[in-house]
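One structure is given below, encoded as structure tokens.
Numbering (my numbering), first residue to last: 110 to 627.
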């Protein structure tokens, strides 16, 4: 009984026999040296932990303790039943029905049979093979399967390693973004702290100047108060003299004044209380708003203007190339609307977008770009993606029905990330985005270029568009509160690409699409 228990513990899990020249792997499991050397994989059969190559396994030392115990188990089994080792192999391969040697393998039933079984009714019409031939065929098939499994294991291991690399890359990218965001927030914090210190110093200087002037006035008041009190004490002492002769003699003695009035002059009117109010201007009530406006001048990447290109006579673009209108039908020359005459009118009138004449002209020689970053582009460029001006670059678009017209930006985007904002105001129809990928607003509903209805309840007056050329993602935002409206995948996007605008004809058109410049 004890021998059988030992035999179970000393059995190789590969050949299912007692250990023969056992070796122990690094994982702690033990096998016959031949079994583990002939293995087609380099993983432990029990725990799947990788072990050295077969050449290195051959160099592993024999586990003498296991080898000794295995030999003792074999001896104990032989002593218990000395004839078992001789009789068992023969009895094991005899037909239980006919007591004949199993020389055939029934392919149909997948079992060993004897010659009598082959001729019996049970196996009538079945296909048979000799045992050695069937074993060789099955062994070959099994070896092919093992090879396929091994190849699949190697492929999956390769995929798993790549997946682990992706995990490492993701974590590293997360750390980079964390560091980048921390740096950018720290720059804003430093700017705000510097501005806070400056405003506090200004307030402190005002306080010191005001307190200094007030203290000076208070000192004058205290001096006048002391003089009046001394005079009051002196006059009260004189009033204590009861004898008229002595009173008059003491009063007029050594004095040029015959009456007390000339020696006293009220000074309260000469010492008014002064009030020096502290004044910080808009920082008292609109501090956050003014800080936000100031931060726009130092934020990197800095917003730069996006310019529009007008290739359609049915629409008009303002002289500064940032506003889009529908051209009047009776205008034979669109330049009249936004030409020199309108510019002269604009120079003599307040700036007002409610009339087509109220525009500012972009200075000559000033180029226009969209937010860019050299780090994210090839070959430099502006701060938030690479782009360049190509007046000859045109996006081809199919004809648009329903009196709607397409306009594109003069800026083109090739790589990196780009962001621009468009003020849509109260227009009841517009499309914004890039070629083939856009957000449409009509009848107070938002629809994507894939004709997907969105459930966005707000009605933004300003739309932010973020294009990531690397990941081919296009996002739309309510630019007033930076709420994401929708993000779409632009899988078939090809660069270069321009910003896309579409408006429906209306006359008069007092509500333009205007690119926001900061």
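Quick reminder that beta carbons are idealized off the backbone N, C-alpha and C, glycines included.
Expressed to the nearest angstrom, what Euclidean distance is found between the alpha-carbon atoms of residue i and residue j?
i	j	result
residue 434	residue 423	9 Å
residue 205	residue 225	12 Å
residue 137	residue 286	43 Å
residue 505	residue 516	Low confidence applies to residue 505: its pLDDT is 42, below 50, so where it sits in the model is not reliable, and the reading given next is rough at best. Going by the C-alpha atoms only, they are around 11 Å apart.
residue 600	residue 547	13 Å
residue 537	residue 430	22 Å
residue 210	residue 184	29 Å
residue 116	residue 182	6 Å
residue 615	residue 277	55 Å
residue 605	residue 612	23 Å
residue 337	residue 303	51 Å
residue 493	residue 584	In this prediction, residue 493 has a pLDDT of 36, which is less than 50 and means its spatial position is unreliable; what the coordinates show is noted afterwards. Each residue's alpha carbon lies about 15 Å from the other.
residue 608	residue 619	23 Å
residue 125	residue 118	11 Å
residue 617	residue 624	20 Å
residue 316	residue 310	10 Å
residue 355	residue 361	10 Å
residue 535	residue 519	25 Å
residue 627	residue 409	12 Å
residue 170	residue 128	14 Å
residue 255	residue 238	23 Å
residue 219	residue 580	56 Å
residue 643	residue 589	Because the chain in this structure spans residues 110 to 627, residue 643 falls outside the shown range and cannot be described.
residue 253	residue 227	29 Å
residue 186	residue 178	12 Å
residue 300	residue 403	10 Å
residue 521	residue 571	22 Å
residue 582	residue 398	32 Å
residue 621	residue 545	23 Å
residue 421	residue 514	8 Å
residue 415	residue 283	31 Å
residue 447	residue 419	Confidence in residue 447 is poor, its pLDDT being 41 and thus under 50, which makes the residue's placement unreliable; the coordinate value appears in the next sentence. Answer to the nearest angstrom: the Cα atoms are 12 Å apart.
residue 376	residue 313	32 Å
residue 221	residue 250	18 Å
residue 153	residue 267	18 Å
residue 358	residue 341	19 Å
residue 321	residue 306	22 Å
residue 242	residue 217	15 Å
residue 575	residue 529	7 Å
residue 610	residue 542	7 Å
residue 466	residue 318	Low confidence applies here, because residue 466 scores a pLDDT of 35, under 50, leaving its location unreliable and the question unanswered by this model.
How far does the alpha helix (DSSP H) with residue i in it extend, from its first residue to its last?
i	result
residue 294	240–348
Residue i lies in the beta strand (DSSP E); which residues open and close that run?
i	result
residue 128	Segment: none, residue 128 is in no beta strand (DSSP E) and carries neither H nor E.
residue 583	582–587
residue 359	Residue 359 -> not in any beta strand (DSSP E); alpha helix (DSSP H) instead, spanning 353–361.
residue 612	606–613
residue 402	Where residue 402 is concerned, there is no enclosing beta strand (DSSP E), although the alpha helix (DSSP H) it sits in stretches over 396–404.
residue 221	220–222
residue 624	622–624
Which residues does DSSP list as the beta-bridge partners of residue i?
i	result
residue 598	582
residue 425	434
residue 513	613
residue 237	215
residue 539	550
residue 576	527, 583
residue 120	127
residue 557	548
residue 571	532
residue 562	556
residue 210	203
residue 592	587
residue 603	Paired residue(s): none; residue 603 is not in a bridge.
residue 418	517
With a threshold of 7 Å between beta-carbons, can residue i be considered close to chain D, or not?
i	result
residue 219	Considering every chain present, this structure includes no chain D. It has just one protein chain.
*Mind listing, in chain order, the continuous alpha helix (DSSP H) runs of no fewer than 4 residues lying wholly within the region 142–173?*
142–146, 163–167
_Count Cβ pairs between the region 374–393 and the region 327–341 that sit closer than 8 Å; are there 3 or more?_
yes
*Is there contact between the region 547–557 and the region 581–601, where contact requires at least three CB pairs shorter than 8 Å?*
yes
_I'd like to know if the region 144–156 and the region 115–132 are in contact, where contact means that at least 3 CB-CB pairs between them fall below 8 Å._
yes
_Stretch pair the region 279–293 + the region 259–268: three plus CB contacts closer than 8 Å_ = no
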